[in-house]
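Peer 1: Pasting in a structure now, in structure tokens, and then I'll have a few things to ask.
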Amino acid sequence: MGKKLVSDFLVTENIALNKTNFLIRLASDIKLPSISPGQFVNIDINKSNEIFLRRPFSVFEVDYTNNLLSIIVKILGRGSKKLTEIQPGEKLSLIYPLGKHFTIPDKKDKILAVGGGSGLAPMLFLARESGLPPENVDIVIGARSVADLVDVDSYRKYGNIQFTTEDGSTGTKGFVTDHHLLKNEMGKYDKVYACGPDAMMKAVSSMAKKAGVFCEVSLENLMACGFGVCLCCIEPTVKGNLCVCTEGPVFNINDLKWQI
Ligand SMILES: Cc1cc2nc3c(=O)[nH]c(=O)nc-3n(C[C@H](O)[C@H](O)[C@H](O)COP(=O)(O)OP(=O)(O)OC[C@H]3O[C@@H](n4cnc5c(N)ncnc54)[C@H](O)[C@@H]3O)c2cc1C
Ligand code: FES
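Adding 28 to a residue's 1-based position in the sequence shown gives its number in this note's numbering.
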């Protein structure tokens, strides 16, 4: 793993994407190191001494020319809520880049990226960084309802984006696993990637396993330090109990001890 940095970033933008998701763009004074899809930052939101531990967020976009890094924050509890209230001009301390990234696809691979909830960010980052022609990239995004989705139109140039909603308000009605690309066409992919709620990742993993397809998932275990010291993010794997923050968050499904 490369060097980890701790530094202050200037908030340049905080855009509400919908009621619960916010795009936060951060500028670094120092030149950004190379950051790959699946890696994350650990943010100190401790402005008012209320939130003690840092909170982890996947990197969504990196603009090396302007030294900008973006994240998408979904409001879950106190920390994420506070973070979405940050104003341009304020500063945030980040530890970054953390964790292991997704396996970058080979040149001719056909890939499927499945994202749900806050798992959207690394999936779109992966689609963009894959370097694949858009016809080789399928992206399925799952949500409860159309109101929970964010506008991803600018990402259509990187792949074929499809939606599922539990209430059927847009796209295929049901879960991501009800989408025909997962249900009927899983076997055509060289690599499948997933990030989102555990139940979703387990279901996708199970389908990939049955189809005999390479599959990586990005786990969102609770974290504190983010760099292997506190041991609060342990995941049982076939290689023993591993820290998700340093040995993950990206894991090959064959390494996980999930009952899938
Ligand atoms: C590697 C990694 C990448 C992540 N990337 C993103 C991202 O790009 N965008 C994003 O919005 N979120 C992301 N998350 C999740 C984010 O870190 C949590 O939503 C955030 O830390 C919650 O903090 P909070 O103070 O708002 O909630 P808390 O007040 O700490 O928790 C509120 C409730 O949610 C539960 N909870 C907290 N964290 C999680 C979690 N990770 N999974 C399930 N339940 C949880 C708590 O147990 C509690 O019940 C990521 C997590 C990890 C580990
Ligand atoms: S979060 Fe501290 S060891 Fe992983």
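We treat Cβ as the ideally placed atom computed from N, Cα and C, and that holds for glycine.
DSSP on tyrosine 221, reduced to helix/strand/coil?
Peer 2: Strand at tyrosine 221.
Peer 1: Short of 6 Å in beta carbon distance, which residues of its chain neighbour alanine 236, apart from the five on each side in sequence? Order them along the chain.
Peer 2: Once the five neighbours on either side are set aside, the close Cβ partners of alanine 236 are Val220, Cys243.
Peer 1: What does cysteine 243 pair with, by DSSP beta-bridge criteria?
Peer 2: DSSP, once it has assigned bridges, lists Val220 as partnering cysteine 243.
Peer 1: Counting by C-beta, which residues lie closer than 7 Å to a heavy atom of ligand 3, in chain order?
Peer 2: Only ligand 1 and ligand 2 can be found as ligands here, which leaves ligand 3 out of the picture.
Peer 1: Where does glycine 170 sit, in a helix, a strand or coil, going by DSSP?
Peer 2: In this structure, glycine 170 counts as strand in the three-state DSSP scheme.
Peer 1: What is the C-beta distance between glycine 187 and alanine 149, in whole angstroms, given that I count them as a contact (C-beta under 8 Å)?
Peer 2: Not really, about 15 Å apart at Cβ, beyond 8 Å.
Peer 1: Check whether the stretch 46-62 touches the stretch 133-144, taking contact to mean three or more Cβ pairs, one atom from each stretch, closer than 8 Å.
Peer 2: The answer is no - the stretch 133-144 does not touch the stretch 46-62, with fewer than three Cβ pairs under 8 Å.
Peer 1: Pick out whichever of Asp283, Val257, Cys273, Glu248 has its Cα sitting closest to the Cα of proline 264.
Peer 2: For the residues Asp283, Val257, Cys273, Glu248, the minimum Cα distance to proline 264 belongs to Asp283.
Peer 1: Ordered along the chain, which non-local residues of its own chain (more than five positions away) have a Cβ less than 7 Å from that of isoleucine 304?
Peer 2: Any property of residue 304 remains undetermined from this structure, which presents the chain solely from 29 to 288.
Peer 1: Among Ala44, Gly256, Glu248, which one has its Cα closest to the Cα of threonine 112?
Peer 2: Among Ala44, Gly256, Glu248, the Cα nearest to that of threonine 112 belongs to Ala44.
Peer 1: Would you decide whether histidine 207 is buried or exposed? Buried here means 16 or more other CB atoms lie within 10 Å of its CB.
Peer 2: Counting Cβ neighbours within 10 Å, histidine 207 comes out buried, since at least 16 surround it.
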